[in-house]
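First the structure, in the form of structure tokens, and then the observations on it.
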Amino acid sequence: MSCGDQYLCGIYRSARGALVPFSLRNRGDTPVFHRRVAALRKTFAKDGNIILEERIVEGKPAEIQNLLKDLLNAHERKQHLAIHVGSVIEYCDGAGVHAAVILRLGIERSFMLFATSNPDWSPWSRKITKEEYALLGYPEKAAKPTYFAPVIRDNEFMHATHKEFPKHRVDALLEEFGSFAEG
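With our numbering, letter number 45 in the sequence shown gets 45, and the count goes up by one each step, no holes.
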């Protein structure tokens with residue numbers, strides 16, 4: 001990058017699970033810039049956002065925009081490489097955030113079980129077991145009863161949690177819910 005202004009650039013995961021690029025420009029007063037960076041980090045943490053990567057770089061605005069696009073693309077690729085059959089994911093499509101387990105992974109759409117507190121989400125919904133709670137990463141005592149609801153959804157809103165169901169549990173869930181995906 002050529003000489004230019006100093007920026008804090010990075011990617012954070014919003015509380016709703018989306019990957020979001022951010023930048024903060026140093027306006028010439030380094031101590032003030034560092035206080036603004038500290039305030040930004042504190043605000044992110046308070047709002048439930050997680051900073052995945054940050055860098056202090058110099059450049060012109062167009063170069064910073066290109067860097068942010070590259071960072072976002074790299075994190076999105078990592079995100080999708082970590083997802084496979086049996087993965088527990090967060091599905092964030094703007095209508096909410098659901099934990100889900102992938103039963104069949106397609107190129108553009110996948111068959112998964114959403115964890116929902118609404119037993120009427122689907123006629124095929126059923127209450128999840130204590131073992132399934134644990135595999136989803138939920139605390140043992142959840143505030144509301146939770147149900148599995150089979151769905152087929154676009155892959156673009158899936159975010160890895162790095163938790164997974166073992167193969168024998170995925171096979172059992174496919175046996176139980178697989179006719180939904182086929183019908």
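The beta-carbon is built from N, C-alpha and C at its ideal position, and this holds for glycine as well.
These numbers were taken from a predicted model, which means no experiment stands behind them.
Counting only runs of 3 or more residues that sit fully inside the stretch 47 to 129, the beta strand (DSSP E) segments are 50 to 59, 87 to 92, 97 to 104, 109 to 116, in chain order. Taking a contact as a CB-CB distance under 8 Å, the pair residue 110 and residue 155 counts as one, their CB atoms being some 6 Å apart. By the Cβ-count criterion, residue 149 is buried, with 16 or more other Cβ atoms from all chains shown falling within 10 Å of its own Cβ. Annotated three-state conformation of residue 23 is strand, per DSSP. Comparing C-alpha distances from residue 82 to each of 159, 178, 68 shows the shortest one belongs to 159. Separation of residue 57 and residue 74 (C-alpha to C-alpha, rounded to the nearest whole angstrom) is 18 Å. For the pair residue 64 and residue 12, the Cα-to-Cα distance works out to about 16 Å. In this structure the stretch 90 to 103 does not touch the stretch 34 to 51; the number of beta carbon pairs closer than 8 Å is below three.
Residue 40 is bridged by DSSP to nothing; it lacks a bridge partner. Burial is judged here by how many other beta carbons sit within 10 angstroms of a residue's own beta carbon; residue 30 has fewer than 16 and is exposed. A check of alpha carbon separations from residue 51 across 41, 60, 59 identifies 41 as the nearest.
Beta-bridge pairing by DSSP links residue 147 to 116, 127.
In this chain, the beta strand (DSSP E) harbouring residue 10 covers 5 to 13. Listed in chain order, the non-local C-beta contacts of residue 126 below 7 Å within the same chain comprise 147, 148, local neighbours out to five positions each way being set aside.
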